[in-house]
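For reference, the structure is listed below as structure tokens.
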Amino acid sequence: MEAIHDFMETLKQGGKQSHLNLALFPLLSADGGDPDYLILEEALAQGVVEIREVSEGGNVPELKLINKSSKKVLVVDGEELVGAKQNRIVNATFLIAGNAEVIIPVSCVEQGRWSYRTHKFASGEKVMPAAMRYSNQRNVAMNLKEGIGFRSDQGMIWDELAAKAERMEVHSATGAMADLFEGQRDRLGKYLKAFRLVDRQFGAVFGMNGKVVGLECFGHQQSFGKFFQKLVKSYA
493 MEAIHDFMET
503 LKQGGKQSHL
513 NLALFPLLSA
523 DGGDPDYLIL
533 EEALAQGVVE
543 IREVSEGGNV
553 PELKLINKSS
563 KKVLVVDGEE
573 LVGAKQNRIV
583 NATFLIAGNA
593 EVIIPVSCVE
603 QGRWSYRTHK
613 FASGEKVMPA
623 AMRYSNQRNV
633 AMNLKEGIGF
643 RSDQGMIWDE
653 LAAKAERMEV
663 HSATGAMADL
673 FEGQRDRLGK
683 YLKAFRLVDR
693 QFGAVFGMNG
703 KVVGLECFGH
713 QQSFGKFFQK
723 LVKSYA
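Note that this note's numbering has the sequence shown beginning at 493, numbered continuously upward.
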């Protein structure tokens with residue numbers, strides 16, 4: 493915690509950016525050099541990480557991650573994984589050691605499918621919508637405190653996805669979170685044009701209707717840059 497506090501003390505706030513009722517305040521710091529890890533999306537794209545069902549039959553709240561690289565891999569909570577028997581999101585943030593095979597805790601974000609499309613997962617290039625992600629973090633933290641691991645409230649996730657789909661008038665045959673983003677592609681594109689990375693940006697404070705709703709920050713400018721568009725779409 494002291495290291496986090498010391499890092500936060502170095503941050504400065506940049507100028508406000510906004511679109512409709514969403515605002516972003518860049519968090520700036522001195523360049524800390526290149527990260528000594530890969531982010532999950534690039535590791536999957538390079539083929540140095542594989543994510544599969546834990547068995548042929550699968551298990552909804554768990555997936556197997558195989559890191560074939562000597563580098564560590566950063567997995568961020570709320571990241572979407574697509575493929576295998578159903579799409580999932582990761583329940584917590586982990587830094588996976590090099591040359592390691594681990595079981596990662598996940599939640600289903602595609603209620604209406606339980607059949608193989610592929611045997612390996614790919615990055616969905618999305619992060620769970622911010623309000624849902626916050627609720628999921630809170631539930632996972634509560635379950636962790638009670639000694640039952642990084643488990644989510646799966647029913648809550650399905651209910652919130654269904655409610656959001658109805659509100660946005662998006663139809664999905666399998667109740668997939670990915671279809672919510674696809675259904676809002678044009679609107680999300682306008683947010684992506686309105687928000688931009690600035691030099692030395694390590695993070696951002698997000699505001700909605702004049703209130704702070706989230707803070708996202710990474711230890712390296714490069715890492716935040718790779719997540720920037722996904723985070724903007726998540727809050728939008």
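Positions of the beta carbon are idealized from the N, C-alpha and C atoms, including for glycine.
(request) Taking G575 as part of the beta strand (DSSP E), name the residues at either end of that continuous run. (result) In the DSSP assignment, G575 falls within the beta strand (DSSP E) that extends over E571 to G575.
(request) Could you pull out every residue in the same chain whose Cβ sits closer than 7 Å to the Cβ of G590, ignoring the five residues on either side in sequence? (result) Cβ-Cβ distances below 7 Å link G590 to N559, S561, S562, K563 and K564 in the same chain, with the five nearest sequence neighbours on each side left out; the list follows chain order.
(request) Say whether the stretch 529-541 touches the stretch 613-631, bearing in mind that this needs 3 or more beta-carbon pairs closer than 8 Å, one atom from each stretch. (result) Contact holds: three or more Cβ-Cβ distances are below 8 Å.
(request) State the DSSP-derived secondary structure class of R605, mapped to helix, strand or coil. (result) Reduced to three states, the DSSP call for R605 is coil.
(message) Alpha carbons only, please: which of C600, V568 and E593 is nearest the one belonging to V574?
(response) For V574, the nearest C-alpha among the options comes from C600.
(request) Please report how far the alpha carbon of N628 lies from the alpha carbon of M620, in whole angstroms. (result) Going by the C-alpha atoms only, they are around 10 Å apart.
(message) Is the separation between the beta-carbon of S644 and that of N583 shorter than 8 Å?
(response) Yes, Cβ-Cβ distance for S644 and N583 is below 8 Å.
(request) Ignore the nearest five residues each way along the sequence and tell me which others in R625's own chain have a CB closer than 6 Å to its CB. (result) Cβ within range, chain order: G570.
(request) Could you work out which residue in Y727, A728 and K722 is closest to E572 when comparing CA atoms only? (result) The residue with the shortest Cα to Cα distance from E572 is K722.
(request) Consult DSSP for G681 and reduce its assignment to one of helix, strand or coil. (result) The answer is helix: DSSP assigns G681 an H, G or I state.
(request) Thinking V540 and F719 are a contact (beta carbons under 8 Å), I'd like their distance in whole angstroms, please. (result) Not a contact, Cβ separation roughly 19 Å.
(request) Name the two residues that bound the continuous beta strand (DSSP E) containing G711. (result) Segment: none, G711 is in no beta strand (DSSP E) and carries neither H nor E.
(request) On a CA-only basis, which of F694, L516, W650 and S607 is nearest S547? Give me that one, please. (result) Minimum Cα distance to S547 is reached at S607.
(message) Once DSSP output is grouped into helix, strand and coil, what is the label at L519?
(response) Note: L519 maps to strand in three-state DSSP.
(message) Considering only the alpha carbon of each residue, which of L519, E652 and V705 lies closest to V690?
(response) Checking every option, the nearest Cα to that of V690 belongs to L519.
(message) For K682 and L672, I'd like the C-alpha separation in whole angstroms.
(response) Computed Cα separation, rounded: 16 Å.
(request) Return helix, strand or coil for V546, following the three-state DSSP convention. (result) DSSP, reduced to helix, strand and coil, places V546 outside both helices and strands of the structure shown, so it counts as coil.
(message) Between G639, A670 and K637, which has its C-alpha nearest L653's C-alpha?
(response) Nearest in C-alpha terms to L653, of all of G639, A670 and K637, is A670.
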